[in-house]
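Let me begin by presenting the structure, written as structure tokens, before commenting on it.
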Amino acid sequence: MVQPLGYIKESASQTAGPYVHIGCTPNFVGIHGIFDRDLGSGALYNDETRGTRVTIRGTVYDGGGYALRDALVEIWQADDAGFYNSPSETRGEADPNFLGWGRSPGDMDTGEFVFETIKPGRVPFKDGRWMAPHITFWIVARGINIGLHTRMYFPEDEAANAEDPVLARIEHKDRIPTLIAKKEGDNTYRFDIRLQGEGETVFFDI
């Protein structure tokens, strides 16, 4: 017998809250025995990985300019030859010694996230034009109902950035610098993400 469901109301939308850390990084919050180490933590490479090792540091800031100390950040990227570690990669064989994906909770005191990875190669856009080397970021935290997507580009790749088809689609060109990392020494980059306000990072609807 079919029952009427009109009495069932949609539940309220919720932000990630503390549960994203409990589910995704249990060791980080002191819940041990589920994973030997949290998935996506640590370096994305090993001793056999091809490419230049780089360190990426950053902080997620809210609209008031305060660091979010409970943010969780993930990255996806190609290897140094521009191939993805994915079953959908059909252009060539990705480096088997490179993970291509990482996850970092922000430091609970400073909010800083850190990734040890390699600089990616160029990959083609859907129309065949070459995109500049970049890393895709996904961010969840308090106040964010749906994960935010953005990209980080490298400051030394000025020519490639200038012809990147995704950067070219950004209407307000003065916002492009929000997607360019700042170099902080040999092979170390800072990429701060600002959710609102002055210097708001460009996010992509994907």
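At position 30 of the sequence shown the residue is numbered 30 (UniProt numbering), and the sequence of numbers has no breaks. In this text, a Cβ means the ideal position worked out from N, Cα and C, and glycines have one as well. Note that the coordinates shown come from a computational prediction; the quantities given were computed from them, not determined experimentally.
Where does residue i sit, in a helix, a strand or coil, going by DSSP?
i       : result
Leu-179 : helix
Glu-158 : helix
Gly-143 : coil
Val-123 : coil
Ala-132 : coil
Val-20  : helix
Leu-39  : coil
Arg-169 : helix
For the beta strand (DSSP E) that contains residue i, what are its first and last residues?
i       : result
Thr-117 : 112-118
Ser-104 : 101-105
Ile-75  : 72-76
Arg-151 : 148-153
Exposed or buried, residue i, counting other C-beta atoms within 10 Å across all chains shown (16 or more means buried)?
i       : result
Gly-111 : buried
Ile-146 : exposed
Met-201 : As written in the sequence, residue 201 is Thr, which differs from the Met given in the question. Classification for Thr-201: buried.
His-32  : exposed
Tyr-66  : exposed
Looking only at C-alpha atoms, which of the options sits nearest to residue i?
i       : options                            : result
Glu-116 : Gly-40, Ser-88, Asp-36             : Gly-40
Ile-22  : Tyr-45, Tyr-61, Ala-71             : Ala-71
Arg-53  : Thr-150, Asp-80, Phe-28, Asn-27    : Asp-80
Asp-38  : Glu-74, Asn-46, Arg-169            : Glu-74
Arg-50  : Asp-127, Trp-130, Ala-78           : Ala-78
Gly-58  : Gly-42, Ser-104, Ile-170           : Ser-104
Lys-173 : Ala-162, Tyr-189, Arg-129, Lys-182 : Ala-162
Val-29  : Asp-107, Gly-64, Ala-94, Tyr-153   : Asp-107
Arg-129 : Ile-118, Val-166, Arg-194          : Val-166
Arg-169 : Thr-25, Trp-138, Met-131           : Met-131
Does residue i come within less than 7 Å of chain B when only Cβ atoms are used?
i      : result
Gly-23 : Of the protein chains in the structure, only one exists, and it is not chain B.
My understanding is that residue i touches residue j, with C-beta atoms under 8 Å, so please give their C-beta distance in whole angstroms.
i      : j       : result
Gly-82 : Arg-122 : 5 Å
Ala-85 : Glu-48  : The residue you asked about is not Ala; residue 85 is Asn in the sequence shown. Not really, about 14 Å apart at Cβ, beyond 8 Å.
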